[in-house]
Structures are given as structure tokens and as C-alpha cells.
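Numbering (the numbering used here), first residue to last: 832 to 988. Every residue gets a Cβ at the ideal spot worked out from N, C-alpha and C, and that includes glycine.
Okay, structure coming up:
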């Protein structure tokens, strides 16, 4: 059952999410569960990895109220992922709860996919912050290599 107005986390990824936050003496790279979930969703969307949640975490982290995403401005990310997935602007309609649930559902599945990517990347890692920096650096280098095709026209002027 989808909890209206809440973003859920898969039970099998709950420990990973908890290990990525820096509260309660933790050394994770993120401040809140919301930050972790948004990063994971963006990573999942980048790699087109959308995975159904399966069993939902009921405890830490319990389903997160959508207001926490809105307060931080992350509702934009939720909306952009939904538009990209559906290719339909009607997914932004505020008039129907069903459409809001659909946006959340898409976002949750991409977050779950991103968490699965992180789980694989973190296997054997001690410092998650360092591993995340490596992931981001490799993405940047990959983008720079794609953009830097040799172009003779820059020498002609």
C-alpha cells in the first residue's frame, strides 16, 4: 500500500541509508535521509535503473513525509524525474492525489535503483565519502571526454 505524501525506502536498503547520514555519531557524507534518497534517485535516473521497492522499511528510516523534500526544494527533482520517465507534463498536475502518488512511486523506484548502485560500489569500502567522490569524479571525467572531441574549427579563427 502506498502511503500518501510519504517517500518510502526498501527494507533491504535501510541499513545502507542509515550508514550514509552523519547524525548520531555517524560519519556518512549526508546530513539527512532526505539528502540520501534524493542523491540515490538522481543516480538511479542517470543510470536508468528503476527497481520496485518490495518490502518497505517501517523503522529507521520510516517513510519520510513529502514536506521534508519540499522544504529543501527537492520536490523539483521528484517532478523532473517524473516528467523524464512519463514524457508527459500532466504528471505535474496538482489536482489529483493519484498523480502525486505516481510521481512519488517513480521517484522511490529510481532511489531504490540508485541505492542498489551505491551498494555495489560500496562493497568492501571503508570510507563511503571517498567512494562517492570517486563516483562523481568518474562521471565528470566521462562527460568531459564526450565533450572534448577534437575540433579543428577552434584553430581557424
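Residue environment, residue i, which counts as buried when at least 16 other CB atoms sit within 10 Å
i: residue 957; result: exposed
i: residue 954; result: exposed
i: residue 874; result: buried
i: residue 949; result: buried
i: residue 869; result: buried
i: residue 944; result: buried
i: residue 918; result: exposed
C-alpha distance - residue i paired with residue j, whole-angstrom precision
i: residue 909; j: residue 960; result: 24 Å
i: residue 952; j: residue 962; result: 7 Å
i: residue 930; j: residue 838; result: 14 Å
i: residue 941; j: residue 898; result: 19 Å
i: residue 894; j: residue 972; result: 35 Å
i: residue 878; j: residue 967; result: 13 Å
Test item: CB-CB of residue i and residue j under 7 Å
i: residue 847; j: residue 946; result: yes
i: residue 845; j: residue 885; result: no
i: residue 865; j: residue 900; result: yes
Cβ neighbours of residue i in the same chain (closer than 6 Å, five flanking residues each side left out)
i: residue 938; result: 872, 909 and 912
i: residue 861; result: 851, 852 and 867
Beta-carbon proximity list for residue i, same chain, < 8 Å, skipping 5 on both sides
i: residue 920; result: 914
Neighbourhood of residue i by C-beta distance below 7 Å, restricted to the same chain and skipping five residues each side
i: residue 896; result: 836 and 837
**Prompt:** Quick check: the segment 910–920 against the segment 888–901, are there 3 or more CB pairs under 8 Å?
**Reply:** These segments do not touch.
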